[in-house]
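*Asks:*
Chains as they are written, first to last, in our numbering: chain A, 7 to 371; chain B, 848 to 926.
Written out as structure tokens, the structure is:
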């Protein structure tokens, strides 16, 4: 009975994480479309939410990686998964509060690794999986998006540079509807799968599913719904950072950045790499800026984002580990997770209240 | 040790697919826009044959872009 209550709390927390993931990562998907005026904010966000939902049903390769290749299922309990999720949600909200586009994916993996280490020691972590499927792709993916967008925008300017700006700008704004849609689809399939993977891990740990089982349909559908609702709610503070503060984009740069991001995420999803969509699209935005003129990129802002990236894994791991420690004070039953959930909800309400007192949502640049 | 841990083949294939798809679709769509822009200019200059040629190039490039996007989604979904 107690383990079932914990499982219900874990599933609810995982879906809450998925919501914050969509909320936090809306910027990745729509910022370039909004900043180049290819679409109005409301239309871009609604379109992205719809395609996020659809994307979640496309593949389960990444879910399998998260469920099987990051931590040993034998050392995992639902409480470990719960503590990891709290670490990820807390870091997502901290970076949202300060307007930094950090990685929800790395927060999730960091949180789960941190709580697993506190629960069972370092043997609980599958080092090969974390290094080979998470850390190395984490370094390569944004660089790849940077290179693809940089080469792409260089060739674009060679091809259309002497044509009438009006026709070219209109054309790339239309193109951004497709590239933005593709990016939303890619985001939905890669990011929603992480929540599917984490719920599947909890179900396996609880004995509800066999080891190596695929996510059941209700898990896929609920994860798709949660990320789509989060995306529709939007994260305006991060949209401004990604859309206007890194570089001032024209429509061609927006198209190149989104195209590069979508290509990298979709290719990686095919091979089951749980990428950070945040890292990838920001790499694409910087590449599209540097491809036109290196000084066009506001490297100071890019540096702040880079620092947030570096901090994400250890910070989420520390919060996840600490959360697990707190839950164990109350024993191995459902009381610890229930109390932590109540405290977390109170802190989230406080953060939203403070943020709403400090100003209205940031208008699109 | 690192070579064993890192899935080199998958990573290289990811990099190659990203490069080809990302740059390829951007270039093909740019050609579509080039065709549209040339069509507008040549039509105003009363050169209908050249304008039709530019429109054809643009149309083919647009069709190729949409086909490439569809193929990309199908390939990814098969993973």
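A virtual CB, placed ideally from N, CA and C, is assigned to each residue, including glycine.
1. Nearest by alpha-carbon distance to residue 230 of chain A: which of A/190, A/348, A/257 is it?
2. At a Cβ threshold of 8 Å, is residue 870 of chain B touching chain A?
3. Can you find a C-beta in chain A that's less than 8 Å from the C-beta of residue 884 of chain B?
4. Out of A/359, A/350, A/358, A/355, which one is the CA nearest neighbour of residue 19 of chain A?
5. Residue 26 of chain A: buried (16+ other C-beta within 10 angstroms of its C-beta) or exposed?
6. Taking 8 Å as the threshold, find out whether the region 259-266 of chain A comes into contact with the region 120-137 of chain A through three or more Cβ pairs.
7. Between the region 259-285 of chain A and chain B, which residues of the former have a C-beta closer than 8 Å to a C-beta of the latter?
8. Hey, is the region 92-110 of chain A in contact with the region 314-332 of chain A, meaning 3+ C-beta pairs nearer than 8 Å?
9. For residue 90 of chain A, which residues of its own chain have a beta-carbon under 6 Å away from its beta-carbon, when the five flanking residues on both sides are left out?
10. Name the chain B residues whose beta carbon is nearer than 8 Å to that of residue 170 of chain A?
11. Can you name the residues of chain A whose CB is closer than 8 Å to the CB of residue 854 of chain B?
12. According to the Cβ coordinates, are residue 376 of chain A and residue 271 of chain A closer than 8 Å?
13. List the residues of chain A whose Cβ lies closer than 7 Å to the Cβ of residue 918 of chain B, in chain order.
14. Short check: CB of residue 113 of chain A to CB of residue 98 of chain A, under 8 Å?
15. Note down the Cα distance separating residue 904 of chain B from residue 284 of chain A, rounded to an integer number of angstroms.
16. Name the chain A residues whose beta carbon is nearer than 8 Å to that of residue 874 of chain B?
17. Is residue 859 of chain B close to chain A, meaning its C-beta is less than 8 Å from at least one C-beta of that chain?
18. Contact criterion: CB-CB distance below 8 Å. Does residue 924 of chain B meet it with respect to chain A?
19. Quick one: Cα of residue 355 of chain A to Cα of residue 21 of chain A, how far?
20. Alpha carbon to alpha carbon, how far is residue 857 of chain B from residue 198 of chain A? Give it in angstroms, no decimals.
21. Which chain B residues sit within Cβ distance under 7 Å of residue 177 of chain A?
22. Contact between the region 880-889 of chain B and the region 153-171 of chain A is defined here as three or more beta-carbon pairs at a separation below 8 Å; is this criterion met?
23. Taking the C-alpha atoms as reference points, what is the distance between residue 79 of chain A and residue 94 of chain A?
24. Since residue 188 of chain A meets chain B, which of its residues come closer than 7 Å, beta carbon to beta carbon?
25. Determine the burial state of residue 895 of chain B: buried for a count of at least 16 other Cβ atoms within 10 Å of its Cβ, exposed for fewer.
26. Would you list, in sequence order, the uninterrupted beta strand (DSSP E) runs of no fewer than 3 residues that lie entirely inside the region 62-103 of chain A?
27. Give a yes or no on whether the minimum CB-CB distance between residue 903 of chain B and chain A is below 8 Å.
28. Considering just the uninterrupted stretch of the alpha helix (DSSP H) at residue 178 of chain A, what are its terminal residues?
29. Quick one, which of A/305, A/68, A/292 has its alpha-carbon nearest residue 203 of chain A's?
30. Starting from the C-beta of residue 226 of chain A, find all residues in its chain whose C-beta is less than 7 Å away, skip the five residues before and the five after it, and write them out in chain order.
31. First and last residue of the alpha helix (DSSP H) that includes residue 893 of chain B?
32. With distances taken Cα to Cα, identify the nearest neighbour of residue 219 of chain A among A/310, A/72, A/48, A/49.
33. If we call anything under 8 Å between Cβ atoms a contact, is residue 38 of chain A one with residue 256 of chain A?
34. Find the nearest neighbour of residue 133 of chain A within the set A/178, A/74, A/170, A/177, judged by alpha-carbon distance.
*Replies:* So, from the data block:
1. Counting from one through the first chain, the residue named residue 230 of chain A turns up at place 224. Selection A/190, A/348, A/257 evaluated against residue 230 of chain A yields A/190 as nearest (Cα-Cα).
2. One-based indexing of the second chain puts residue 870 of chain B at position 23. Residue 870 of chain B counts as touching chain A.
3. Here residue 884 of chain B refers to the residue found at position 37 of the second chain. At least one CB atom of chain A sits nearer than 8 Å to the CB of residue 884 of chain B.
4. Stepping through the first chain from its first residue, residue 19 of chain A is reached at position 13. For residue 19 of chain A, the nearest C-alpha among the options comes from A/350.
5. Stepping through the first chain from its first residue, residue 26 of chain A is reached at position 20. Classification for residue 26 of chain A: buried.
6. The region 259-266 of chain A, when compared against the region 120-137 of chain A, does not touch it at the 8 Å Cβ threshold.
7. Flagged, chain order: 261, 262, 265, 266, 268, 269, 270, 272, 273, 274, 275, 276, 277, 278, 279.
8. Yes, the region 92-110 of chain A is in contact with the region 314-332 of chain A.
9. One-based indexing of the first chain puts residue 90 of chain A at position 84. Contacts found: 117, 118, 121, 326.
10. Counting from 1 along the first chain, the entry for residue 170 of chain A is found at position 164. In chain order: 884, 887, 888.
11. Start at 1 with the first residue of the second chain, and residue 854 of chain B comes out as number 7. Result: 138, 139, 277.
12. Nothing about residue 376 of chain A can be read from this structure; chain A reaches only from 7 to 371.
13. Counting from one through the second chain, the residue named residue 918 of chain B turns up at place 71. Correct list: empty, because the minimum Cβ distance to chain A is about 11 Å.
14. Locating residue 113 of chain A in the first chain gives position 107, where the first residue counts as 1. Locating residue 98 of chain A in the first chain gives position 92, where the first residue counts as 1. Going by C-beta atoms, residue 113 of chain A is nearer than 8 Å to residue 98 of chain A.
15. Position 57 of the second chain, counting from 1, holds the residue named residue 904 of chain B. Position 278 of the first chain, counting from 1, holds the residue named residue 284 of chain A. Cα to Cα, residue 904 of chain B sits roughly 36 Å from residue 284 of chain A.
16. Indexing the second chain from 1 puts residue 874 of chain B at position 27. By Cβ distance, chain A contributes 158, 161, 162, 165.
17. Residue mapping note: residue 859 of chain B aligns to position 12 of the second chain, counting from 1. Chain A, which has no Cβ nearer than 8 Å to the Cβ of residue 859 of chain B, makes this no.
18. Sequence index remark: in the second chain, residue 924 of chain B carries index 77 (1-based). The beta-carbon of residue 924 of chain B is placed less than 8 Å from the nearest beta-carbon of chain A.
19. Position 349 of the first chain, counting from 1, holds the residue named residue 355 of chain A. Position 15 of the first chain, counting from 1, holds the residue named residue 21 of chain A. Distance between the alpha carbons of residue 355 of chain A and residue 21 of chain A is about 17 Å.
20. Walking along the first chain from the start, residue 198 of chain A turns up at place 192. Walking along the second chain from the start, residue 857 of chain B turns up at place 10. Going by the C-alpha atoms only, they are around 22 Å apart.
21. The sequence position of residue 177 of chain A within the first chain is 171, counting from 1. What residue 177 of chain A touches in chain B: 880, 883.
22. With the cut-off at 8 Å, the region 880-889 of chain B and the region 153-171 of chain A touch.
23. Counting from one through the first chain, the residue named residue 79 of chain A turns up at place 73. Counting from one through the first chain, the residue named residue 94 of chain A turns up at place 88. Cα-Cα distance, rounded: 19 Å.
24. For the purposes of this step, residue 188 of chain A is taken as the residue at position 182 of the first chain. The contacting residues are 916.
25. Position 48 of the second chain, counting from 1, holds the residue named residue 895 of chain B. So residue 895 of chain B counts as exposed.
26. As far as the region 62-103 of chain A is concerned, it has no whole beta strand (DSSP E) run of at least 3 residues.
27. Translated into the one-based positions of the second chain, residue 903 of chain B becomes position 56. Interface criterion not met: the Cβ of residue 903 of chain B is under 8 Å from no Cβ in chain A.
28. On the first chain, position 172 is the one that residue 178 of chain A refers to. Taken as a continuous stretch (DSSP letters only), the alpha helix (DSSP H) holding residue 178 of chain A covers 171-211.
29. To locate residue 203 of chain A, count along the first chain from 1; it is residue 197. Closest option to residue 203 of chain A, Cα to Cα, is A/68.
30. For the purposes of this step, residue 226 of chain A is taken as the residue at position 220 of the first chain. Apart from sequence neighbours up to five positions away, the residues of its chain that approach residue 226 of chain A with a beta-carbon distance below 7 Å are 62, 63, 202, ordered along the chain.
31. As a working note, residue 893 of chain B is residue 46 in the second chain. Premise fails: residue 893 of chain B is in no alpha helix (DSSP H) and is neither H nor E.
32. Against the first chain, residue 219 of chain A aligns to sequence position 213. When only C-alpha atoms are compared, the closest one is A/72.
33. Taking the first chain and counting its residues from 1, one reaches residue 38 of chain A at position 32. Taking the first chain and counting its residues from 1, one reaches residue 256 of chain A at position 250. The answer is no: Cβ separation not under 8 Å.
34. On the first chain, position 127 is the one that residue 133 of chain A refers to. Nearest of A/178, A/74, A/170, A/177 to residue 133 of chain A, Cα basis: A/74.
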